[in-house]
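Worksheet: one structure, shown below.
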Amino acid sequence: MRLKSYFPILDWGRRYNRQTLTSDLIAAVIVTIMLIPQSLAYALLAGLPPEVGLYASVLPLLAYAIFGTSSALAVGPVAVVSLMTATAVGRLAAEGTADYASAAIVLAMLSGVMLTLMGLFRLGFVANFLSHPVISGFITASGMIIATSQVGGLLGIKTEGHALPELLVSIYENFGQINPYTVAVGTVALALLLWIRLDLKNWLTSFGLSKGVTTVIVRAGPVAVVFLTMAWSAGMDLASKGVPLVGDVPQGLPMLSLPNVGMDLVQHLALPALIISIVGFVESISVAQTLAAKRRERITPNQELIALGGSNIAAAIGGGYPVTGGFARSVVNFDAGAATPAAGAFTAIGIAGATLLLTPFLAILPKATLAATIILAVLTLVDLSILKRAWSYSKADFAAVAITMLSTLLFGVEVGIALGVGTSILIFLYRSSKPHAAIVGQVPGTEHYRNVKRHKVETVPGMLSIRIDESLYFANARYLEDLVFEQVAANPGITDVVLMCSAVNAIDMSALESLEAIEHRLSDAGVRLHLSEVKGPVMDRLAHTHFLKNLSGGVYLSQHQATTSVLASRIANATQTAA
1 MRLKSYFPIL DWGRRYNRQT LTSDLIAAVI VTIMLIPQSL AYALLAGLPP
51 EVGLYASVLP LLAYAIFGTS SALAVGPVAV VSLMTATAVG RLAAEGTADY
101 ASAAIVLAML SGVMLTLMGL FRLGFVANFL SHPVISGFIT ASGMIIATSQ
151 VGGLLGIKTE GHALPELLVS IYENFGQINP YTVAVGTVAL ALLLWIRLDL
201 KNWLTSFGLS KGVTTVIVRA GPVAVVFLTM AWSAGMDLAS KGVPLVGDVP
251 QGLPMLSLPN VGMDLVQHLA LPALIISIVG FVESISVAQT LAAKRRERIT
301 PNQELIALGG SNIAAAIGGG YPVTGGFARS VVNFDAGAAT PAAGAFTAIG
351 IAGATLLLTP FLAILPKATL AATIILAVLT LVDLSILKRA WSYSKADFAA
401 VAITMLSTLL FGVEVGIALG VGTSILIFLY RSSKPHAAIV GQVPGTEHYR
451 NVKRHKVETV PGMLSIRIDE SLYFANARYL EDLVFEQVAA NPGITDVVLM
501 CSAVNAIDMS ALESLEAIEH RLSDAGVRLH LSEVKGPVMD RLAHTHFLKN
551 LSGGVYLSQH QATTSVLASR IANATQTAA
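For the sequence shown, this note's numbering gives the first residue as 1, with consecutive numbering after it.
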């Protein structure tokens, strides 16, 4: 069973049959058709030769088929990770050089090792530090940067930079060098791709074609655009008219080898590799869990870390660059009926075949076609509505989105994600340093206790009941002290204070010392301190402390029991005094 947990293929492989084989093969054909132009385009986005995108779509898919737990996740080059790769590697080497390609391979290896170690040590929770607002802001800004970076490809001019200001400046400076033939190719390719995505399915359906045939034709549409523009390039000799072409692409698969990893290179790429690993994992696990929920399947996050780690190590061995699970191709894989991760393995075989047979024909492919492919793909990433939704729901979340988005646009992806995470952590610390606490009273005729500001409740004179709606730790311990002493000072008649701990899941050492300080000061003022509704794990921690031994009041199972006990003790004291 432990071996199966690390190698899920041993589990689903035993149940593999002809029906699942058919489903996987059909899905693989559709995804392969879609993946070929995307892989070429994303490699260029990463600043790498187009064939590297194909290399990164072969071994990683095979590795994921062995280690992955999702039946639909399709691993390979994606837009955001390609941009992050270009940003990280671009600092170390010039684009188009052997050192640049080697650094990208090392980046994939480092990312793979980090992801694998995170999975083995069950560190999937690290991804939780990337909140949804941060991820949304980051991906939206990255999509805008990617789309802007490809404008040059559509216009036939050179663009430089990995942040929006740099890209806009380079477009402005080179605007006079626009090639009209490139603009024509790019415009036609973009228009065709847009029509294929938005209207081709309805048009085909109107002719009475079945859903399956329609789906295959729509998925094959981008490949048709590739062949159309290649024919255009050859027929009009676009190369002689200054239209940038892909150029000669090596035929065949690369030799498998381990990258030459130097310590100096590792030091420069370690942080970018970690950021790429976490961002890639968050994107991948989100897609995998969304699709798994539709089939009531189970995704194991820590095993997914190992699977993505293995995929990136495989990418490095196969001459590729960092990969992760892609949203668009995974949805296509799911819709096409992929039943097991074997669909990815069959897709890898299809990509390998394309690498062996089709690469000689790619030399005449206009780069404007690939630029149009990228632009259309990343437009789905841009979601500016997140700003409005965040503003209306939470100003703090809006700040996280806005800071992430602006910093990514202005300074690049690494600075953007770092500032986004930092902002999220600061917001969390600020919120938790001032936990919500409510003075509560009894709802008449019940044993329920609610906030006196929200409900019509009854309170006991001389008794202060405070419900703490947060775990207590070093950042908010003093806040609780100040709240209790402020309320006691404002109400001199208070003789009993009850801390209602129904929402307190943990109390650290700093908070324990604050509770001891509260007890000491209240005791000096003749006020008893009580606790109610303390959870079992918290009580286990408090059981052997001096705080409980010296507590002037009691610990009660419910707030109602605490109130009843305080009233009973007052009656008893009054009777004793009268006697």
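Even glycine gets a Cβ: it sits at the ideal position worked out from N, Cα and C.
Cβ distance (whole Å) where H520 is taken to contact G553 below 8 Å: Counting from one through the sequence shown, the residue named residue 520 turns up at place 520. Counting from one through the sequence shown, the residue named residue 553 turns up at place 553. Rounded, the Cβ-Cβ distance is 13 Å, inconsistent with contact.
Alpha carbon of M405 to alpha carbon of I26, nearest angstrom: The sequence position of residue 405 within the sequence shown is 405, counting from 1. The sequence position of residue 26 within the sequence shown is 26, counting from 1. Across the structure, M405 and I26 are spaced so that their CA atoms are roughly 39 Å apart.
What first and last residue would you give for the alpha helix (DSSP H) that runs through Q251? Position 251 of the sequence shown holds residue 251. Taken as a continuous stretch (DSSP letters only), Q251 belongs to no alpha helix (DSSP H), as it is neither H nor E.
Classify G536 as buried or exposed, calling it buried when 16 or more other Cβ atoms lie within 10 Å of its own Cβ. Position 536 of the sequence shown, counted from the first residue, corresponds to residue 536. By the 10 Å Cβ count, G536 comes out exposed.
Please report how far the alpha carbon of M255 lies from the alpha carbon of Y64, in whole angstroms. Here the question's residue 255 lines up with position 255 in the sequence shown. Here the question's residue 64 lines up with position 64 in the sequence shown. One alpha carbon belongs to M255, the other to Y64, and they sit about 20 Å apart.
Member of M230, G412, M236 and P50 whose CA lies at the smallest distance from the CA of E610: Residue 610 falls outside the range modelled here, since the chain spans only 1 to 579, and no answer is possible.
Among L522, F474, C501 and L512, which one has its Cα closest to the Cα of P492? Walking along the sequence shown from the start, residue 492 turns up at place 492. Of the residues L522, F474, C501 and L512, the one whose Cα lies closest to the Cα of P492 is L522.
Indicate whether at least one CB of chain B lies closer than 8 Å to the CB of L269. The question asks about chain B, but that chain is absent: this structure has only one protein chain.
Closest to L154 by C-alpha separation, out of I375, Y393, M84 and M118, would be which residue? On the sequence shown, residue 154 is found 154 positions in, with the first residue counted as 1. For the residues I375, Y393, M84 and M118, the minimum Cα distance to L154 belongs to I375.
Classify I313: buried if its beta carbon has 16 or more other beta carbons within 10 angstroms, exposed otherwise. Residue numbering aside, residue 313 sits at position 313 when the sequence shown is read from its first letter. With 16 or more Cβ atoms within 10 Å of its Cβ, I313 is classed as buried.
In the DSSP output, which residue or residues are listed as bridge partners for H530? On the sequence shown, residue 530 is found 530 positions in, with the first residue counted as 1. Paired residues: V498.
Q442, DSSP secondary structure in three states: Here residue 442 refers to the residue found at position 442 when the sequence shown is read from its first residue. Residue state, collapsed to three classes: strand.
Cα-Cα separation, T69 to L115: For the purposes of this step, residue 69 is taken as residue 69 along the sequence shown, with counting starting at 1. For the purposes of this step, residue 115 is taken as residue 115 along the sequence shown, with counting starting at 1. Cα to Cα, T69 sits roughly 15 Å from L115.
Any idea if K367 is buried or exposed, counting beta-carbon neighbours within 10 angstroms, 16 or more meaning buried? Here residue 367 corresponds to residue number 367 of the sequence shown, with the count starting at 1. When all chains shown are included, K367 counts as buried.
CA nearest to the CA of G161, picked from A74, L409 and T182: Walking along the sequence shown from the start, residue 161 turns up at place 161. Minimum Cα distance to G161 is reached at L409.
Could you check what DSSP says for P366 in three-state terms: helix, strand or coil? In the sequence shown, the residue the question calls residue 366 occupies position 366. Correct three-state label for P366: strand.
Using alpha carbons as the reference points, say which of K456, K453, R431 and L59 lies closest to A477. Taking the first residue of the sequence shown as position 1, residue 477 is located at position 477. Check the Cα spacing between A477 and each of K456, K453, R431 and L59: the tightest is with R431.
Which of helix, strand or coil does DSSP assign to A489? Mapped onto the sequence shown, residue 489 falls at position 489. A489: helix per DSSP, three-state reduction.
Would you kindly report the start and end of the unbroken alpha helix (DSSP H) that includes I417? Walking along the sequence shown from the start, residue 417 turns up at place 417. Start and end: V413 to S433.
Could you give the distance in angstroms between the alpha-carbon of T215 and the alpha-carbon of A503? Position 215 of the sequence shown, counting from 1, holds the residue named residue 215. Position 503 of the sequence shown, counting from 1, holds the residue named residue 503. Roughly 51 Å separates the two Cα atoms.
V323 beta carbon less than 8 Å from that of V81: The residue labelled residue 81 in the question sits at position 81 within the sequence shown. The residue labelled residue 323 in the question sits at position 323 within the sequence shown. A contact, by the Cβ cut-off of 8 Å.
When you measure from the CB of L464 to every non-hydrogen atom of the ligand ZN, does any distance come out below 7 Å? The ligand ZN is not part of this structure, which contains no ligands at all.
So what does DSSP say about T97, is it helix, strand or coil? Locating residue 97 in the sequence shown gives position 97, where the first residue counts as 1. DSSP places T97 outside both helix and strand once states are collapsed to three, so it counts as coil.
Would R528 pass as a contact of T495 if the rule is Cβ separation under 8 Å? As a position in the sequence shown, residue 528 is number 528, starting the count at 1. As a position in the sequence shown, residue 495 is number 495, starting the count at 1. Yes, the Cβ-Cβ distance between R528 and T495 is below 8 Å.
Exposure of M84, with buried meaning 16 or more beta-carbon neighbours within 10 Å: As a working mapping, residue 84 is identified with position 84 in the sequence shown. The C-beta of M84 has 16 or more other C-beta atoms within 10 Å across all chains shown, which makes the residue buried.
How big is the Cα-Cα spacing for H544 and I466? Numbered from its first residue, the sequence shown carries residue 544 at position 544. Numbered from its first residue, the sequence shown carries residue 466 at position 466. Rounded to the nearest whole angstrom, the C-alpha separation of H544 and I466 is 24 Å.
Could you have a look at N333 and say whether DSSP puts it in helix, strand or coil? Reading the sequence shown from its first residue, position 333 is the one you call residue 333. Three-state DSSP puts N333 in a helix.
Could I get the ranges of all uninterrupted alpha helix (DSSP H) runs contained in the region 511 to 558, with 4 residues as the minimum, in chain order? With a minimum length of 4 residues, the continuous alpha helix (DSSP H) runs that stay inside the region 511 to 558 are 536 to 542 and 546 to 549.
In chain order, what residues of the same chain lie with their CB nearer than 8 Å to the CB of L62, ignoring the 5 residues before and after it? In the sequence shown, residue 62 corresponds to position 62, counting from 1. If the five residues before and after L62 are omitted, its C-beta is found closer than 8 Å to the C-beta atoms of A314, G344, A345 and A348, all from its own chain and listed in chain order.
Relative to the C-alpha of I30, which residue among A338, M230, F327 and S471 is closest? As a working note, residue 30 is residue 30 in the sequence shown. Scanning A338, M230, F327 and S471 for the CA closest to the CA of I30 turns up A338.
Close-in-space but distant-in-sequence residues of the same chain around G53 (CB under 6 Å, 5 per side omitted): The sequence position of residue 53 within the sequence shown is 53, counting from 1. Cβ neighbours of G53 beyond the five flanking positions: S39, L40, Y42, A43 and P77.
Please classify S70: does DSSP put it in a helix, a strand, or coil? Within the sequence shown, numbered from 1, the residue matching residue 70 stands at position 70. Three-state result, S70: coil.
Cβ neighbour criterion (16 or more within 10 Å) applied to A108: In the sequence shown, the residue the question calls residue 108 occupies position 108. A108 counts as buried, since no fewer than 16 other beta carbons sit within 10 angstroms of its beta carbon.
Should P49 go down as buried or exposed, given a rule of 16 or more other Cβ atoms within 10 Å for buried? The residue labelled residue 49 in the question sits at position 49 within the sequence shown. Sixteen is the threshold: when 16 or more other Cβ atoms of the shown chains lie within 10 Å of the Cβ of P49, as they do, the residue is buried.
T97 and V226 closer than 8 Å at C-beta: If you number the sequence shown from 1, residue 97 lands on position 97. If you number the sequence shown from 1, residue 226 lands on position 226. For T97 and V226, no; Cβs fall outside 8 Å.
Work out the CA separation of V243 and F175 for me, nearest whole Å. By 1-based counting over the sequence shown, the position of residue 175 is 175. By 1-based counting over the sequence shown, the position of residue 243 is 243. One C-alpha to the other measures close to 15 Å.
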